[in-house]
Every structure is written in structure tokens, then in C-alpha cells.
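Just so you know, the protein sequences line up as chains A and B, in that order. The first sequence begins at 1 in the numbering used here and counts up by one. The second sequence begins at 1 in the numbering used here and counts up by one. Have a look at the structure below before the remarks.
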Amino acid sequence: MTRRSYDIVIVGSGAGGGTVAQELSCLCRDGVRVAVLEKGAKLRAEEFTGREMEMAQVLYQDGGGFLNAERTMTLAFGSTYGGSTAVYTGTSLLPPERVLQRWSVPNCTFADVEQRARKFMTENNVHLLEDKWINENNRLFVKGCEQLGYCAQQFPVNLKGCRGSSLCNLGCPNQAKQGTDRVQLPRAERNGVEVITRCEVLRIAEKTVFARVHAKPPGGKGEPPAWQAGDYQIDAKVIVVCGGAVNSPALLMRSGLGRMLPRLGRGFTCHPALIMVAEHARAITNFVGHPKSFYLDQFVQSDRFLLETCMYFPFITAKAIAGFGEDHGRFMRAFPRLQMILVLACDEVDAYNRVTVDGNGCPVVHYRCTPKVMRGLVQGAITSAKIFFACGAERVHLPVARCATIERKDVARLNQIGAHPDFKPGKISVSAAHLQGGCAMGHDSSDSVTDGFGRVHGIPWLFVADSSLFPNSLEINPYLTIMALADRVAETIRKNAHALL
Amino acid sequence: MTVLLPVRLIFRAVVCTVVPEAKNLGESGWSELETLVETTLQIHPRAMHRQLRLFIRTIQWVPVFRYGRRFTSLRAEERMQVLCYLQDHRLEIVRCGFWGLRTLALLGYYGRPEGAQATGYAADPRGWEALR
């Protein structure tokens, strides 16, 4: 085992880890040694091909096929330089004030989080796309909402030089998305932070990280790791865990912290989602242009669902369309005429839903949709169907209906279907990409894992800085909030550098 | 190929029921489809591989009770009925098993560049520029 020594080790390079790396990189000037350990690879610009299976295999954990323990839901999260910021659509929303107030985390005010989130909006070039770059998949959503009296809103996005490839979720082939892989990590590296990719953190002990660096597989994508393949013991005065809502609690658990932190892994939420598909009579611009430009949040508080425009790739779309055979194939062959909406349920903390580890220390996510979540998904699906028809769709695929294909002439049936849905876990494709909780902030170890600044209760040298800090669902896309919380963690470390380092 | 080899014929019959166009695949198309599925399966533990093979073998024998023939000997509409039965099964574990198998079939078929192109999907890294 090779031994290395740093002052600060950051585990993970996504919205949390990338932000912490940048915000601590100023310490490098004073001789402080900072390293980021990232499990995934760093791809070269020309390796982002936009080919679905090829990119999913190298950018996502388990190739995008990570399942919950019940095998009823797919969880998508990035495993690459930049983490999930390399594979999201760049949507950048400020946290809702009502949510932060409900979280009631000590020393964590809405004003503080908002101000920090705004800093990253500026830094990452967050803006509204010009109208001329909005495709018909998005325009039709707005039109349908208007017809029904709903108020669709435009997503601020963190793009620079977007060419409209629509391939955001497969890593932008034009490097237009301003995630931590484009902004914070390169800046941190320029300031002296070392980033070691293909480095899997096995466990943490007293001010020590045990990690395994994997060699680049023959013919594989990405740069080779900065260190030789093998096992490492890395001494660090401060360790910041930023592996995300699945990997961070799992890492702390296999490091033996579960007993002193009874809330570890608890409070996992993920915005379970359904991909809705509708067919128009004519081809529309859908697989060109930014895929996620609008959302509808007016039902979040009343019916616990959020709608967003989306456009996925052939396999993901095929998986989302319930059933099989000729009916299924008919929707697939209509791809250039398809419009899509993503229904996200605003789930809440539930005692059953949690992250644990198996006998090998691998993360296991236990998640069941509560009746409330199922109602939210059903209502969201019905509302999406109404929007589809209001903007001119000929037929809609409604996965929560026994007979899933709804023709335009049957639009009146929608409310009946809503009253008697056919929602069977394991039959419908539910997926989630907004993974949150597991190392929640709070008062003490009886209600949380960390304090309001991400410091693990009872362990002054150990911090968490990612979406696992959320005490409950954020109810919107989480990246700016993660960055804002990570900024707070970094500031705490900087302010206490004399004591910690 | 390691996981699917012992159940290859049944797997192909399932794929042709899930995606009827798969009937037109040549041997190279099948090889590509099965390689994609095998690559995906390598991420998952061996226990899951065994469960998958067991589930596929179960599909072969389930119809014997109703039709007196194995799955691979059924007509297309009978195969559809068998898979519909599994998809809507009252036991969640059976539904999940079928969902997983169906997902692999769709991944293998639509994950191939030819399968994706056949849908009319033609995203291009050049985006709007490619439309001109």
C-alpha cells in the first residue's frame, strides 16, 4: 500500500466536491495541499460522442442502471470528473424559501443560501436561453400550458456556446454546459489542487482515507489516472465527503460510523419521475435544441408534482414507454413526432426509504413510492396528458392507465383514469436523478448527521458537502443549492484553518 | 458471451416478442444486441445473472401449463399473452423480474446505432447547424 499525505482530501468532484475544491484552492498559495479523489474518469473533449450506450457506460454509476433494492426504480447519477454536473441539463434554480424554512437547519438561513447560489449563477453563466434557440418540444409545452391556463416558466441554464445538440444527459459534446467539470475544477487545478480520477475511496479512518486507484482499461475512454493503479493510504487533516446522496452515506457506513450516527442513510428522497410521451401528426424539432427549457411548478404544494420538458434517447424512451410489442413499437417509430414531459413527484422523508450497505460495503438504496408519491405521479401524468392534447398531440402514452395509449377522441377519459389508475410498482418505469439526503444537517446526532455547516457530529475533521446534506426534498432541481451549501462548508474550513490544519 | 449463452434461444424469443422488428435481425445484429446486454450485465453481481437465467428458463416452462407447449414453441400472440401475464402479475417480484428482462431486450435492440436510427432519432453533436 502506497502512502500519501495531504492537508485536505475531498472525496468526489460533482456540484459539491468541485465547489469545495475551488473554494479551498486559495489555501494552496499558503502551501496547503488539497486533493480531490474522483471515482470516475476524466474524458477528453473528443470522447463525448453523444452515442447513448457508449456514453452512459462511462459517465454514470452502473452505466445508468443503478436500481433500488426493490428493483422498482432506476437511479441515475454521474460517476466522472464533474460528477452529475457533467450529465445534467444545466438547469439552475434558486432554492425555494418555503423549503429552507421548513428544513429549519440551525445557522442556515434562506438569505445566506440564496446569496451564495446567486454567486454561482454568475460564475457559471446562468441565463435564460434566447427564444430563437427554443425547440418545438419546449414550445408545445408552453402552448399546452397556456391553453389550460397554467403558467409555464423558463429554466435558467448554465450554458456557454450551446449548439443545441440535445445531448446534455450524455455529456455535452460541445463542452457548453458550465458544470464543475468546466468551471470550478479547472480553476481549482490551476490554483494547485490535485485531482486524481479513477480513485475509488474504500473507507475513512481517523484522519485517513483508504483508496484504490484503477488503471484505465484497455481501449477504454478517458485519461489515465494521475497515480499508478493500486491501493493507497492517504493521511489528511481534513476530509470532505462529496460523493452524493448514495455514495456519501454508504462511505461513512462502511467506515464504521453508523453506530455513532443513527440518522446516517436516513431521510433519502429522490423526486421519483415518469417520462411521458405523446405523438403529434407531424415531425417537430425535439432531438435538436436544449432539451429542458421550461417547467410547471404550480402543483408542487397542492398535488406534490412538478412538470419539466425533456427529451431522451431511444433506449431510455423505450424503457419509459410501458408494455411491449406492436403498440410500444408504434411510439418508438414515431420518434421525430414525439413530445416528452417529465413528471417529478415531490417525495418527503419516509422511515422506510434509506441508504444502507451490503456485505461488500456497496450502497443499497431502499425505496418504495408512498401512496402520496404515487398520487403525485398519477396526477402529474394526467396533467401532462391534458397539456399534450391541448397543444395538438394525436395520442398520448399514459403509463398509469390499464390501456396506456390514449387517443385524442378519448381525452374525456383522462379524469376517470386518474380516479382508477393502474400503478403497479415493477410494471411502470420509474426513475430518479435528484438524489438527496442520507447525511442530513440538523441539531445533533439524534436528528441528523452533520451540523448546519456540514461538519459531522462529534468528528471535527470530517465534513459532508453534497446533496446528502438535505434534510428533506428540495422540490426543485438541486444543483445550485448543493453548490451554495458546499460553499458554506468550504468557508467554515477556511475560517477554522488555523485549528484544523 | 457468458450469462445468456445457456438460455440464448429463449432470450431471443422474448426479444422478438418485446420488439417484433427484432425478427428481422441477422446474426451480426443479434451478436451486437447480445454483446450490449452482456456488457450491461457485467456491472451486476453474479447472483443477479443466476436470477436472470432462472427467470428466462421459467418463462420457457410457464406456458406448458396453459398451452401444453414451451415458450419457444408458441405462436407470436400466445407469447404476447404469456409476457402480459408476467407483466401484470400479482406478485411484485415477478413484475420486477419481467421489467428487468424487458429492459435488457429494449437496451439490446434500441441501444444499437441501427436500432436507434430505425426510430428516426438523429441527434447530432452539431445541433441546430446539422438541421441546415
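Idealized CB from N, CA, C, for every residue including glycine. Computed from a prediction, not measured in an experiment: that's the story for all the values here.
The Cβ neighbour count for F65 (chain B), taken over all protein chains shown within 10 Å, is under 16; the residue is labelled exposed.
For the pair of segments examined, the segment 64-83 of chain B was found not to touch the segment 42-54 of chain B: the number of CB pairs separated by less than 8 Å stays below three. Distances from the CA of G31 (chain A) to each of A:R395, A:D350, A:V193 were compared; the closest alpha carbon is that of A:V193.
Bounds of any alpha helix (DSSP H) do not take in C199 (chain A); it lies within the beta strand (DSSP E) bounded by 199-205.
DSSP places Y479 (chain A) inside the alpha helix (DSSP H), whose first and last residues are 479-495.
For E114 (chain B), no Cβ of chain A is located within less than 7 Å of the residue's own Cβ. Within chain B, the residues whose beta carbon sits less than 8 Å from that of N174 (chain A) are P125, G127, listed in sequence order.
Taking the C-beta atoms as reference points, A226 (chain A) is found nearer than 7 Å to I196 (chain A).
Residue pairing by DSSP places G323 (chain A) in no beta bridge whatsoever.
What S165 (chain A) touches in chain B, judged by beta-carbon distance under 8 Å, is A123, D124, P125, R126, G127, going in chain order.
The Cβ atoms of A76 (chain A) and A433 (chain A) sit closer than 7 Å to each other. By the beta-carbon neighbour count (other beta carbons within 10 angstroms, threshold 16), T103 (chain B) is buried. Judged by DSSP secondary structure, S28 (chain B) falls within the alpha helix (DSSP H) whose first and last residues are 27-42. Counted as a single uninterrupted DSSP element, the alpha helix (DSSP H) harbouring G17 (chain A) occupies residues 15-24. For F210 (chain A), the pairing in a beta bridge is given by DSSP as A:R203, A:Q233. Contact between P363 (chain A) and V355 (chain A) holds, with the beta-carbon distance rounding to 6 Å and staying under 8 Å. Within the same chain, Cβ atoms closer than 7 Å to the Cβ of R70 (chain B) are found at Q60, W61, P63, V64, the five residues on either side in sequence being excluded. Annotation: the segment 310-393 of chain A contains the following complete segments of the beta strand (DSSP E) (minimum length 3 residues), in chain order: 338-345, 354-357, 363-366. T285 (chain A) carries a coil assignment under DSSP once its states are collapsed to helix, strand and coil.
Close to G68 (chain B), with beta-carbon spacing below 9 Å, lies no residue of chain A; the smallest spacing is near 23 Å. Under the DSSP definition of a beta bridge, M276 (chain A) partners with A:I341. Counting only Cβ-Cβ distances below 8 Å, V288 (chain A) has contacts in chain B at A123, D124, G127, W128, A130, L131, in chain order. With fewer than 16 neighbouring CB atoms inside 10 Å of its own CB, C403 (chain A) falls in the exposed class. Spanning the alpha carbons of T309 (chain A) and Q228 (chain A) requires a straight line of approximately 43 Å. Listed in chain order, the non-local C-beta contacts of R263 (chain A) below 6 Å within the same chain comprise S448, V449, local neighbours out to five positions each way being set aside.
For the pair P291 (chain A) and T89 (chain A), the CB atoms are nearer than the 7 Å cut-off.
In the DSSP assignment, Y295 (chain A) forms a beta bridge with A:Q153, A:E308. From the beta-carbon of V18 (chain B), the residues of chain A found nearer than 8 Å are F324, G325, H328. Close CB contacts of L86 (chain B) within its chain, under the 8 Å cut and outside five residues either way in sequence, are with I59, V62, V94, R95, G97, F98 (chain order). For V64 (chain B), there is no enclosing beta strand (DSSP E); the enclosing alpha helix (DSSP H) has its first and last residue at 46-67. Contact annotation: in the segment 97-109 of chain B, residues whose CB is within less than 7 Å of a CB in chain A are W99, G100, R102, T103, L106, L107.
Contacts with chain A at 7 Å (Cβ-Cβ) do not include Q42 (chain B). By the CB criterion at 7 Å, V209 (chain A) and R198 (chain A) fall outside the cutoff.
Shown here for R282 (chain A): same chain residues with a beta carbon closer than 7 Å to its own, the five before and five after excluded, namely R337 in chain order.
Contact of R95 (chain B) with chain A by beta-carbon distance below 9 Å involves T72, K424, P425, G426, K427. Assigned with DSSP and collapsed to three states, V7 (chain B) falls in helix.
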